[in-house]
Amino acid sequence: MERVPFDPKELDSRETYPSPFPGLPGARKFNTPVAPRDNYLALFRHEMPLWIPSNNDLRMLSPRIDPDNIARCNANDAQAPEPGTMTGGRDRHGIEWVYVPVAKGSMVKPGHPLLTDANEWEKVVPFPDMDEWDWAGSAAANKPLLDQEDRGLSVVVVTGFFERLISLMDFDKAAVAMIDEEQKDAVKALYDRLADLYIDMVQRLKKAYNPVAILMNDDWGGQRSPFFSLATVREMLVPAHKRVSDATHDAGMIYEIHSCGKNEKLVPAYIEMGADIWCGQRINDKETLYRQYGDKIILGLDSDIKFEPETTDEEAVASARRFVRKYGPTMGEKPFLCFSMGASPAFMETVYAESRQMFS
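First residue of the sequence shown: 1458, per our numbering; consecutive thereafter.
This is the structure in structure tokens:
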């Protein structure tokens, strides 16, 4: 990418991009010398970007054409939801979800798991016919969002492999099935069938919306540790994810894994399954992970302060300067993202300006 000297007028714009999530402020729009989409994609072309990319450089799409996005109250597209409609419902496998106001999300209706023994999945788990989904109508309805080409588009697949097993069996039975010698082969077969579905979905998403990335949600850990060992993940989850990541790459897209939890020990699995990006939560020691794996996977790195309502602009600016000085010099060797979720506008402006000058 051609080096362009920083011009302070790049900060003059007061425009903002729409927020990808209700309740959060929109990202600041700068007068960038190239489109944020192209600067972001430079990481995957093994080129030096003009500034530190962040997840603000993408717009998110969770199309309501997918029943999972409605059932899980995760629909996020150009169609405003009708009042009172975000209450849950049945997902693409017929599982019923109910909205939980305090969590601002939904959970499987308790007490009636669809599957109690993984060996029975072929008899009881229905799969959708995606030919019945109105892909052309969804693409037309989302045209205002799709036309915003200065930022890349990332489409969310909200329920990954282990999360699907949880929704079918409830968490305790799903966790046992992952290590139970009498159920493991059935779980692998289910994951293989799900991989077929996701590969088909990835191809349809590419055709309908032309995203630059697929964001696969599959939470693997809790606040203190992963749910299972690295060996279990390698055996049970990596092969299925690898099939989907390969198909995503074949379609010319990035495969990002969204996987909550303190999952430091599982980063080798993210790499082996072909994930291009893992942002992860702040509870992970990303500094150590970056040193160890930063040349193998793009990590979303955090500020050294947690942003609270009382955080001052002066504190945010100082943190941003430390961030750029610390990680900016290694961008060419170990590309990374600035994980901007919850970061203040002052922090993001300073990261942009400081890195523009450093990378010019």
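Backbone N, C-alpha and C define an ideal beta-carbon position, used for all residues, glycine too.
State buried or exposed for residue i, treating a residue as buried only when at least 16 other CB atoms are found within 10 Å of its CB.
i: residue 1763; result: exposed
i: residue 1550; result: buried
i: residue 1614; result: buried
i: residue 1813; result: buried
i: residue 1709; result: exposed
i: residue 1560; result: exposed
i: residue 1765; result: exposed
i: residue 1594; result: exposed
i: residue 1659; result: buried
i: residue 1510; result: buried
i: residue 1519; result: buried
i: residue 1581; result: exposed
i: residue 1490; result: buried
i: residue 1771; result: exposed
i: residue 1514; result: buried
i: residue 1621; result: buried
i: residue 1797; result: buried
i: residue 1807; result: buried
i: residue 1716; result: buried
i: residue 1783; result: exposed
i: residue 1737; result: buried
i: residue 1465; result: exposed
Restricting to Cα atoms, I'd like to know which of the options is closest to residue i.
i: residue 1755; options: 1765, 1772, 1725, 1779; result: 1725
i: residue 1504; options: 1798, 1793, 1810; result: 1793
i: residue 1521; options: 1489, 1559, 1598, 1499; result: 1598
i: residue 1711; options: 1580, 1499, 1561; result: 1499
i: residue 1425; options: 1459, 1458, 1493, 1475; result: Look at the range of the chain in this structure, 1458 to 1817, and you will see that residue 1425 is not part of it.
i: residue 1651; options: 1589, 1667, 1625; result: 1625
i: residue 1656; options: 1668, 1528, 1699; result: 1699
i: residue 1773; options: 1789, 1802, 1798, 1745; result: 1802
i: residue 1653; options: 1701, 1677, 1628; result: 1701
i: residue 1568; options: 1553, 1502, 1706; result: 1553
i: residue 1495; options: 1475, 1758, 1458; result: 1458
i: residue 1665; options: 1610, 1728, 1732; result: 1610
i: residue 1605; options: 1705, 1487, 1719, 1516; result: 1516
i: residue 1748; options: 1721, 1806, 1629; result: 1721
i: residue 1632; options: 1672, 1603, 1686, 1671; result: 1686
i: residue 1723; options: 1767, 1535, 1684; result: 1684
i: residue 1586; options: 1512, 1523, 1474, 1816; result: 1523
i: residue 1779; options: 1789, 1462, 1815; result: 1815
i: residue 1692; options: 1628, 1681, 1649; result: 1649
i: residue 1743; options: 1730, 1795, 1694, 1706; result: 1795
i: residue 1668; options: 1463, 1630, 1618, 1596; result: 1596
i: residue 1471; options: 1488, 1462, 1501, 1730; result: 1488
i: residue 1730; options: 1696, 1707, 1706; result: 1696
i: residue 1694; options: 1617, 1630, 1548, 1741; result: 1617
i: residue 1785; options: 1536, 1584, 1817; result: 1817
i: residue 1757; options: 1663, 1565, 1745; result: 1745
Leaving out five residues on either side along the sequence, give the residues of the same chain with a beta carbon under 7 Å from the beta carbon of residue i.
i: residue 1689; result: 1635, 1636
i: residue 1800; result: 1760, 1764
i: residue 1563; result: 1528, 1529, 1530, 1545, 1554, 1555, 1556, 1557
i: residue 1572; result: 1578, 1581, 1582, 1625, 1626
i: residue 1811; result: 1777, 1778, 1781
i: residue 1661; result: 1587, 1592
i: residue 1534; result: 1518, 1519, 1520, 1521, 1599, 1602
i: residue 1526; result: 1519, 1520, 1532, 1615
i: residue 1460; result: 1817
i: residue 1501; result: 1711, 1733
i: residue 1675; result: 1617, 1618, 1619, 1620, 1714, 1716
Note down, in chain order, each residue of its chain lying with its Cβ closer than 6 Å to the Cβ of residue i, except the 5 sequence neighbours on either side.
i: residue 1575; result: 1634, 1640, 1643, 1644
i: residue 1751; result: 1791
i: residue 1753; result: 1728
i: residue 1679; result: 1718
i: residue 1704; result: 1656, 1659
i: residue 1739; result: 1759
i: residue 1714; result: 1673, 1727, 1732, 1735
i: residue 1497; result: 1510, 1514, 1609
i: residue 1474; result: 1483, 1484, 1486
Quick one: residues in its chain with C-beta nearer than 8 Å to the C-beta of residue i, no 5 flanking neighbours on either side, listed in chain order?
i: residue 1776; result: 1760, 1761, 1762, 1804
Following the continuous beta strand (DSSP E) through residue i, name the residue where it begins and the one where it ends.
i: residue 1611; result: 1609 to 1614
i: residue 1623; result: Looking at the DSSP string, residue 1623 is not in any beta strand (DSSP E); the run it does join, the alpha helix (DSSP H), is 1618 to 1626.
i: residue 1515; result: 1515 to 1518
i: residue 1727; result: Residue 1727 -> not in any beta strand (DSSP E); alpha helix (DSSP H) instead, spanning 1724 to 1729.
i: residue 1565; result: 1562 to 1565
i: residue 1545; result: 1545 to 1547
Could you please give the first and the last residue of the uninterrupted alpha helix (DSSP H) stretch that includes residue i?
i: residue 1556; result: No alpha helix (DSSP H) holds residue 1556; the beta strand (DSSP E) holding it covers 1553 to 1557.
i: residue 1494; result: 1493 to 1498
i: residue 1533; result: Where residue 1533 is concerned, there is no enclosing alpha helix (DSSP H), given that its DSSP letter is neither H nor E.
i: residue 1601; result: 1600 to 1603
i: residue 1526; result: 1524 to 1528
So is the beta-carbon of residue i under 7 Å away from any non-hydrogen atom of the ligand SAM?
i: residue 1783; result: Absence of the ligand SAM from the depicted structure is noted, as is the absence of any ligand whatsoever, leaving it without description.
Subject >> Sequence ranges, beta strand (DSSP E) only - wholly within the segment 1646 to 1711, length at least 3 >> reply: 1670 to 1674
Subject >> alpha helix (DSSP H) segments (min. 4 residues) lying fully within the segment 1570 to 1594 >> reply: 1578 to 1581
Subject >> In chain order, each alpha helix (DSSP H) run of at least 4 residues that lies wholly inside the segment 1733 to 1803 >> reply: Correct list: 1743 to 1750, 1770 to 1784.
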